[in-house]
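Notes for the one structure printed next.
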Amino acid sequence: MAKEKYPVRLTKIDEYSTTVRNFHFEFLQKPRFDFIPGQFVMVEVPKENEKPVRKPYSIASPPHFANKIELCIKLVEGGFVSTWFFGLKVGDDIEVEGPLGVFRIKEPLPEHLLFVATGTGIAPLRAQFEDLLEHGYQKPITFVFGNRYENEIPFHDELLALAKKHSNFHYLPTISRPKNWSGQTGYVQDLIKNKFPDSKGIHVYICGLVPMVNDLKATLEGLGYEKDAIRFEKWT
Ligand SMILES: Cc1cc2nc3c(=O)[nH]c(=O)nc-3n(C[C@H](O)[C@H](O)[C@H](O)COP(=O)(O)OP(=O)(O)OC[C@H]3O[C@@H](n4cnc5c(N)ncnc54)[C@H](O)[C@@H]3O)c2cc1C
56 MAKEKYPVRL TKIDEYSTTV RNFHFEFLQK PRFDFIPGQF VMVEVPKENE KPVRKPYSIA
116 SPPHFANKIE LCIKLVEGGF VSTWFFGLKV GDDIEVEGPL GVFRIKEPLP EHLLFVATGT
176 GIAPLRAQFE DLLEHGYQKP ITFVFGNRYE NEIPFHDELL ALAKKHSNFH YLPTISRPKN
236 WSGQTGYVQD LIKNKFPDSK GIHVYICGLV PMVNDLKATL EGLGYEKDAI RFEKWT
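The sequence shown begins at 56 in the working numbering and counts up by one.
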């Protein structure tokens, strides 16, 4: 369903690697729309002699980041819209449509919330756990974050600081192609198998590309996690 379009200005770009950037957009018409952490915006990009291309991007920031949204985007080789994003400069204005989507935290909340992402899949989950922590949520939250290289982890410093500030927030990065990394290595699926084999009291929220999400769901179900304790957003 089409939603209202909002003009926004690109005010800052955080570059995490040659292919991953976090874009900060300020709303030009105030106040910003309300949204539920986990929702996305639709972005439409004109294409010569063809229909415009529309692509969804999860809102990577929580609602309390005033009058702005952040979009954490991976540059896909040959990708039309992601390449367009990577051509934007600070000061450029674009339009976003939204908020859209139903990927939200399910009530009642369990004893333990387990968030799992790879790469830019952190986007909707960051909005969700930052929102919970901002509102004083006290039960354990674990974020398992898979990336290829240790020097290209999006939001790594912020996540370390968040874990320092909130004793109930546990940040578990894992690296699949380590160079000089003393922390966890390997895929998120293996880490979950080793550290969270007991499903009792845990709800899992997953975001990433289809193969990772499917694989992890199968792993969790194999461990005895109920289907309705697993929520996910798959990106194709
Ligand atoms: C609900 C939802 C939320 C999303 N949120 C985000 C987000 O926050 N950040 C983000 O970066 N993406 C997100 N995506 C994916 C995004 O919508 C686009 O699909 C992605 O940016 C590629 O679009 P494109 O036009 O650049 O590539 P296209 O022109 O559509 O694709 C070019 C080629 O790349 C392949 N391809 C497409 N996507 C990928 C990929 N991710 N990795 C490898 N190859 C790929 C295609 O199969 C095709 O061959 C989301 C998707 C959904 C469904």
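Yeah, the Cβ is synthetic: ideal placement off N, Cα and C, and Gly gets one too.
Candidates Tyr-61, Pro-195 and Pro-118, of which the one nearest Ala-218 by Cα: Residue 218 sits at position 163 when you count from the first residue of the sequence shown. Per the Cα distances, Pro-195.
Candidates Ala-284, His-119, Phe-198 and Lys-289, of which the one nearest Glu-162 by Cα: Within the sequence shown, residue 162 is the residue found at index 107, counting from 1. Measuring C-alpha to C-alpha distances from Glu-162 to each of Ala-284, His-119, Phe-198 and Lys-289 identifies Ala-284 as the nearest.
For Leu-83, count neighbouring C-beta atoms within 10 Å of its own C-beta (all shown protein chains included) and say buried if the count is 16 or more, exposed if not. For this step, residue 83 is matched to residue 28 along the sequence shown. Around the C-beta of Leu-83, fewer than 16 other C-beta atoms lie within 10 Å, and the residue is accordingly described as exposed.
According to DSSP, simplified to helix, strand and coil, what is Glu-208? The residue given as residue 208 occupies position 153 in the sequence shown. First, the residue type needs correcting, since residue 208 is Ile and not Glu in the sequence shown. It is coil, neither helix nor strand.
With a floor of 3 residues, list each beta strand (DSSP E) that falls wholly inside the stretch 169-203, ordered by position along the chain. You should have 196-202.
Could you tell me which of Arg-286, Asp-253, Phe-88 and Thr-291 sits nearest to Gly-277, measuring between CA atoms? Here residue 277 refers to the residue found at position 222 when the sequence shown is read from its first residue. Considering only alpha carbons, the answer is Asp-253.
So what's Phe-251 in DSSP terms, helix, strand or just coil? Your numbering for residue 251 matches position 196 in the sequence shown. In the three-state scheme derived from DSSP, where H, G and I count as helix and E and B as strand, Phe-251 is classed as coil.
First and last residue of the uninterrupted beta strand (DSSP E) at Asn-77: Walking along the sequence shown from the start, residue 77 turns up at place 22. Note, Asn-77: beta strand (DSSP E), 75-82.
With 16 other CB atoms within 10 Å as the buried threshold, where does Asp-186 fall? As a first step, residue 186 must be located in the sequence shown, where it is residue number 131. Per the 10 Å Cβ criterion, buried.
Can at least three beta-carbon pairs, one atom from the stretch 91-111 and one from the stretch 152-162, be found at a separation below 8 Å? Yes: at least three Cβ pairs fall under 8 Å.
Any beta strand (DSSP E) of 3 or more consecutive residues that is wholly inside the stretch 236-289: Uninterrupted beta strand (DSSP E) stretches at least 3 residues long and entirely within the stretch 236-289 occur at 257-264, given in chain order.
With three or more C-beta pairs closer than 8 Å as the rule, is the stretch 168-187 touching the stretch 255-263? Touching, yes.
Taking just the CA atoms, how far does Gly-279 sit from Ala-115? By one-based count along the sequence shown, residue 115 stands at place 60. By one-based count along the sequence shown, residue 279 stands at place 224. Rounded to whole angstroms, Ala-115 to Gly-279 spans 30 Å at the Cα level.
Spatial neighbours of Lys-67 within its chain, please: CB distance less than 7 Å, with the 5 preceding and 5 following residues excluded, ordered by chain position. Stepping through the sequence shown from its first residue, residue 67 is reached at position 12. The residues His-79 and Val-145, in chain order, have a CB closer than 7 Å to that of Lys-67 in the same chain once the five nearest residues on each side in sequence are set aside.
Any heavy atom of ligand 1 within a distance shorter than 8 Å of the CB on Pro-291? In the sequence shown, counting from the first residue as 1, residue 291 sits at position 236. It is Thr, not Pro, that sits at residue 291 in the sequence shown. Yes, the Cβ of Thr-291 comes within 8 Å of a heavy atom of ligand 1.
Phe-120 in three-state terms, based on DSSP: Position 65 of the sequence shown, counted from the first residue, corresponds to residue 120. Coil, per DSSP.
Would Leu-227 and Lys-250 qualify as a contact pair, given that the criterion is a beta-carbon distance under 9 Å? To locate residue 227, count along the sequence shown from 1; it is residue 172. To locate residue 250, count along the sequence shown from 1; it is residue 195. The answer is yes: Cβ separation under 9 Å.
Could you name the residues, in chain order, whose CB is less than 5 Å away from a heavy atom belonging to ligand 1? What you get when you keep residues with a C-beta closer than 5 Å to any heavy atom of ligand 1 is Phe-95, Lys-110, Pro-111, Tyr-112, Ser-113, Ile-128, Lys-129, Val-131, Gly-133, Gly-134, Phe-135, Val-136, Ser-137, Thr-175, Ala-178 and Trp-290.
Beta-carbon contacts of Gly-238 that lie in its chain and below 8 Å, excluding the five residues immediately before and after: As a first step, residue 238 must be located in the sequence shown, where it is residue number 183. Correct list, in chain order: Glu-205, Pro-228, Thr-229 and Ile-230.
Limits of the unbroken alpha helix (DSSP H) element including Thr-138: Counting from 1 along the sequence shown, the entry for residue 138 is found at position 83. Element bounds for Thr-138: 135-141.
Ile-124: which of Glu-81, Lys-248 and Ala-178 sits nearest, CA to CA? Position 69 of the sequence shown holds residue 124. Nearest Cα to Ile-124 within the set Glu-81, Lys-248 and Ala-178: Glu-81.
Run through the DSSP bridge pairs and tell me what Ser-113 is partnered with. One-based indexing of the sequence shown puts residue 113 at position 58. Ser-113 is bridged to Phe-95.
DSSP three-state call for Lys-219: helix, strand or coil? Against the sequence shown, residue 219 aligns to sequence position 164. If DSSP states are grouped into helix, strand and coil, Lys-219 belongs with the helices.
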